[in-house]
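K.L.:
Line by line, the protein sequences give chains A and B.
In the working numbering, each number is its position in the first sequence, counted from 1, plus 64.
In the working numbering, each number is its position in the second sequence, counted from 1, plus 266.
All C-beta atoms, glycine included, are put in the ideal place defined by N, C-alpha and C.
Below are the structure tokens for one structure; questions will follow.
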Amino acid sequence: MTSGFLLPVAHALASRQDLPIPAWLFAWGASIVLIVSFFALSVAWRTPRFERDRWRPLGARLSRVLLGRPAQLLCGAAGVFLLGVAIYAGLRGTEAPDRNFALTFIFVTCWLGFPLFSVLLGDVFRPFNPWRAIGRGVGGAFTAFAGQRPAHLAYPDALGRWPAAVGLLAFVWMEVVYGTSGGVAVGVLPETTATAALFYTAYTLAMMALFGVEKWCRTGEVFSVYFGMFSQLGVFATKDERLGRRMPLAAATHWATVPGSLAVVIASIATTSFDGAQEGAFKGAIEQTFDWLAGTGLSLTASLRLTDTIFLLLCFAGVAVIYLIGVKGMESVRGAPPFAKLRSGFAHTLIPIAFAYLVAHYFSLFVFQEQAQFTYLLSDPLGTATTDLFGTASGGIDFNVLTANAIWYVQVGALVIGHVVGLTLAHDRATAYWGDFRQAARSQYWMLAVMVSFTCFGLFLLSAGNS
Amino acid sequence: MNSNIARVAAGIAAVAVAVLLLVVLKDDGGDREAASTPTAITDSAPGTTTSPPAKAEIPTIVVEGGKPVGGVKDLSFEEGDRIRFEVESDVSDEIHVHGYDLMKDVEAGGSVTFDFPATIEGVFEAELEELEQPIAELTVNP
């Protein structure tokens with residue numbers, strides 16, 4: 065009865081989807097990964113180079129302008145304003161996903177744009193974070209009226225970044241699981257997105273009131289933690305209200321010392337994998353599970369959501385198991401630190417992989433949708449065809465700005481570079497943990513296997529085998 | 267010690283090669299499958315107008331009860347080809363070809379033909395706009 069039911073096909077926003085990587089390019093990509101990996105084993109350095117980030121301040125005037133109070137107020141106000149526009153457009157604008165400002169702004173411009181700009185420019189989300197801005201405003205007003213700083217509960221340190229990891233899964237769940245309900249390719253509706261944003265705002269402000277604004281941004285606020293993770297790879301960072309430069313990648317080596325960080329980076333890889341595999345590698349299994357669940361008397365919508373939820377969680381478990389096998393293997397090498405130390409000690413080596421997955425999967429979507437963002441979505445945010453704020457409402461997306469070949473090379477290039485950077489960080493950490501260089505090198509066979517699995521799986525998800 | 271390292275390295279290399287082979291072979295399987303599905307490779311010169319014999323080759327998507335018979339139809343083309351297909355529908359709706367952004371109305375019980383040059387590479391969906399029901403997936407290879 066249910067087998068004739070058609071599963072939804074695609075992201076609502078993606079008018080042009082990527083062609084799968086052809087077999088020859090897949091083979092080249094995978095071969096390069098293997099060759100690079102074995103080369104890495106032979107030329108390795110013997111003392112850690114990335115454990116200290118060697119931060120150096122940039123010009124004091126630049127810091128004053130970019131980090132001063134006027135800039136903070138301006139950025140914070142811009143963040144709050146744009147969140148407001150997105151929520152308003154979601155609630156009052158058109159239901160057509162591609163014509164409503166809310167969806168492209170939240171899921172493409174911010175969700176995909178901030179990781180990119182965080183790597184290039186540092187933690188750029190922090191000044192624009194609307195919840196941090198509101199929280200700091202409220203806190204400042206409280207201090208002014210009550211004559212004392214607001215008191216906060218002590219944040220349970222063992223909880224660490226777990227709330228952010230769960231929140232990250234929840235965000236993607238809403239985007240790709242909840243949204244695909246109903247058996248039509250609508251994706252998530254603008255109104256649902258706006259409602260979720262309102263709930264998230266209330267939740268975040270409550271948590272900030274309980275634990276303090278900065279504390280919550282470091283541990284629980286999904287977007288701060290997620291974008292902040294990518295900013296660890298780059299060279300720009302602030303320290304004590306000063307803007308500075310540091311050694312690339314070095315800051316990442318200390319990122320995962322907070323509990324739950326590993327879960328955040330695994331969630332990032334898992335969610336991208338799920339999105340890439342749900343219409344390919346997992347399609348058959350998803351359909352079978354769906355048919356079985358629908359056969360037990362569940363409604364179609366509930367069956368579909370439950371099935372996708374199961375597979376999203378399976379992705380999380382799968383990525384975690386591969387990583388933990390690698391850690392278990394490293395533990396078996398003589399002179400290894402305890403399992404728990406190894407487990408968090410190598411978590412940061414997955415950040416470049418997570419970033420490579422993002423670029424490989426969403427690069428073309430970002431390039432296409434940003435054209436919409438800065439033409440018709442900017443001038444006609446509600447999609448009602450009645451406003452033309454900046455005279456660009458009649459603009460559109462030129463899908464020919466990227467050829468299929470250009471997309472393929474960016475995808476394979478991103479994965480290969482992510483692989484190399486991941487290996488670099490892992491090798492460097494091993495030289496810090498093992499006094500004996502030979503043992504350090506042996507431990508890295510295991511991380512090499514982990515990285516090769518992720519990179520080749522990433523390539524596979526983009527290839528014809530997955531379509 | 268050294269032989270031990272060599273053994274581990276050889277083991278990893280073997281596993282990696284096995285994984286690679288598996289995936290590449292599986293890949294080939296996917297290709298064959300794709301090749302065996304009915305595709306619309308139009309041999310006729312781009313300029314020719316639709317003559318009766320050519321029309322017989324045009325793939326037809328039959329919509330019954332607002333859904334495509336036999337599921338979403340996969341059609342693939344090369345860049346520079348003409349993309350031609352016909353939709354016979356028992357519901358009235360507007361058919362929207364994404365990416366190329368072409369719309370055509372179809373009457374209940376009527377049919378409509380699309381014929382346009384494949385200028386953009388990628389995978390595109392054709393859907394019944396009102397019902398939000400995908401009916402075909404157009405692949406344009408470079």
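Would you identify the three-state DSSP class for A:T46, choosing helix, strand or coil?
P.N.:
Residue 46 of chain A is absent from the model: chain A starts at 65 and stops at 531.
K.L.:
Among residues of its own chain, excluding the 5 on either side of A:L71, which ones have a beta-carbon nearer than 6 Å to its beta-carbon?
P.N.:
Note that A:L71 scores 42 on pLDDT, short of 50, meaning its location in the model is unreliable and no value can be drawn from it.
K.L.:
Counting Cβ pairs, one atom from each stretch, are 3 or more of them under 8 Å apart for the stretch 383-402 of chain A and the stretch 506-521 of chain A?
P.N.:
Touching, yes, given that three or more Cβ pairs across the two stretches are closer than 8 Å.
K.L.:
Report all residues from its chain with a CB closer than 7 Å to the CB of A:E115; omit the five preceding and five following residues, and keep chain order.
P.N.:
Around A:E115: T317 and A496.
K.L.:
Going by other Cβ atoms of all chains shown within 10 Å of its Cβ, with 16 needed for buried, is B:T379 buried or exposed?
P.N.:
It is exposed - the Cβ of B:T379 has fewer than 16 other Cβ atoms within 10 Å.
K.L.:
Does DSSP classify A:I461 as helix, strand or coil?
P.N.:
Correct three-state label for A:I461: coil.
K.L.:
If we call anything under 8 Å between Cβ atoms a contact, is A:F300 one with A:L185?
P.N.:
A contact, by the Cβ cut-off of 8 Å.
K.L.:
With a threshold of 8 Å between beta-carbons, can A:D372 be considered close to chain B, or not?
P.N.:
Output row for A:D372: interface = no.
K.L.:
Straight-line CA distance for A:A215 to A:W280?
P.N.:
If I take the Cα positions, the gap works out to 14 Å.
K.L.:
Rounded to whole angstroms, what's the CA-CA distance from A:F524 to A:A334? Just pull it up for me.
P.N.:
So the alpha carbons of these two residues sit roughly 15 Å apart.
K.L.:
Does the Cβ-Cβ distance between A:L526 and B:T405 come in under 8 Å?
P.N.:
No. Outside cutoff.
K.L.:
Count the other CB atoms within 10 Å of the CB of A:F178; is the residue buried (16 or more) or exposed (fewer)?
P.N.:
A:F178 comes out buried.
K.L.:
If I follow the unbroken alpha helix (DSSP H) through B:M369, where does it start and stop?
P.N.:
Element bounds for B:M369: not the alpha helix (DSSP H) but the beta strand (DSSP E), L368 to V372.
K.L.:
Relative to chain A, which residues along the stretch 385-406 of chain B have a C-beta separation below 9 Å, given in chain order?
P.N.:
Residues T385, I386, E387, G388, V389, F390, E391, E393, L397, E398, Q399, P400, E403, T405 and V406.
K.L.:
Any idea what DSSP makes of B:P383, helix, strand or coil?
P.N.:
In the structure shown, B:P383 sits in a strand (DSSP, three-state: E or B).
K.L.:
Just the Cα atoms here: how many angstroms apart are A:L429 and A:I417?
P.N.:
So the two alpha carbons sit approximately 19 Å from each other.
K.L.:
With distances taken from CA atoms, which of A:R120, A:G148 and A:V252 is nearest A:D162?
P.N.:
For the residues A:R120, A:G148 and A:V252, the minimum Cα distance to A:D162 belongs to A:V252.
K.L.:
Does the separation of the CB atoms of A:F189 and A:F291 fall below 8 Å?
P.N.:
Yes, they are a contact pair.
K.L.:
Alpha carbon to alpha carbon, how far is B:A402 from B:D309? Give it in angstroms, no decimals.
P.N.:
The predicted model places B:D309 with a pLDDT of 44, which falls under 50 and marks its position as unreliable; any figure quoted below should be read in that light. Looking at the two C-alpha atoms, the distance is approximately 21 Å.
K.L.:
For a minimum of 4 consecutive residues, which ranges assigned as the alpha helix (DSSP H) are wholly contained in the stretch 80-144 of chain A?
P.N.:
Counting only runs of 4 or more, we get 87-106 and 124-131.
K.L.:
Using 8 Å as the threshold, is the C-beta distance between A:V230 and A:F419 below it?
P.N.:
It is not a contact, given that the beta carbons lie outside the stated cut-off.
K.L.:
Here's the rule I'm using: 16 or more other beta-carbon atoms within 10 Å means buried, otherwise exposed. How should A:W195 be labelled?
P.N.:
Flag for A:W195 reads buried.
K.L.:
Is there a C-beta anywhere in chain A that falls below 8 Å from the one on B:P383?
P.N.:
It does not: the Cβ of B:P383 has no partner Cβ on chain A nearer than 8 Å.
K.L.:
Pull up the CB-CB distance for A:S408 and A:L326, whole angstroms please, since I reckon it's below 8 Å.
P.N.:
Yes, A:S408 and A:L326 are in contact; Cβ-Cβ is about 6 Å, under 8 Å.
K.L.:
Taking Cβ-Cβ distances shorter than 7 Å, what residues in chain A pair up with B:G365?
P.N.:
Neighbours of B:G365 on chain A, chain order: S79, R80 and F463.
K.L.:
How close, in whole Å, do the beta carbons of A:R118 and A:A314 come, if the pair is a contact with beta carbons under 8 Å?
P.N.:
With 8 Å as the limit, A:R118 and A:A314 qualify as a contact, their Cβ atoms being about 7 Å apart.
K.L.:
List the endpoints of the continuous alpha helix (DSSP H) containing A:V289.
P.N.:
Element bounds for A:V289: V286 to S295.
K.L.:
Per DSSP, A:N530 forms a beta bridge with which residues?
P.N.:
DSSP output for A:N530 lists no bridge partner at all.
K.L.:
Contact check, A:L370 vs A:L357 under 8 Å by CB: the rounded distance?
P.N.:
Going by Cβ atoms, the distance from A:L370 to A:L357 rounds to 6 Å, so yes, they are a contact pair.
K.L.:
Which residue from A:P254, A:V476 and A:L223 puts its Cα closest to that of A:F165?
P.N.:
Minimum Cα distance to A:F165 is reached at A:P254.
K.L.:
Let me confirm a value: A:P454 is counted as buried when at least 16 other C-beta atoms fall within 10 Å, else exposed. Which label applies?
P.N.:
Strictly speaking, residue 454 of chain A in this sequence is Phe, with Pro absent from that position. Exposed, by the Cβ-count rule.
K.L.:
Between B:P408 and chain A, is there a C-beta pair that is closer than 8 Å?
P.N.:
Chain A contact via Cβ: present.
K.L.:
Would you say A:L441 lies against chain B (beta-carbon separation less than 8 Å)?
P.N.:
No, A:L441 lies away from the interface with chain B (no Cβ there is under 8 Å from its Cβ).
K.L.:
Beta-carbon separation of A:A381 and A:V329 under 8 Å?
P.N.:
No, the Cβ-Cβ distance between A:A381 and A:V329 is not below 8 Å.
K.L.:
What would DSSP say about B:D359, mapped onto helix, strand or coil?
P.N.:
Reduced to three states, the DSSP call for B:D359 is strand.
K.L.:
Apart from the five residues just before and just after A:A331, which ones in its own chain have a Cβ nearer than 7 Å to its Cβ?
P.N.:
Here the set comprises A229, L232, L233 and F380.
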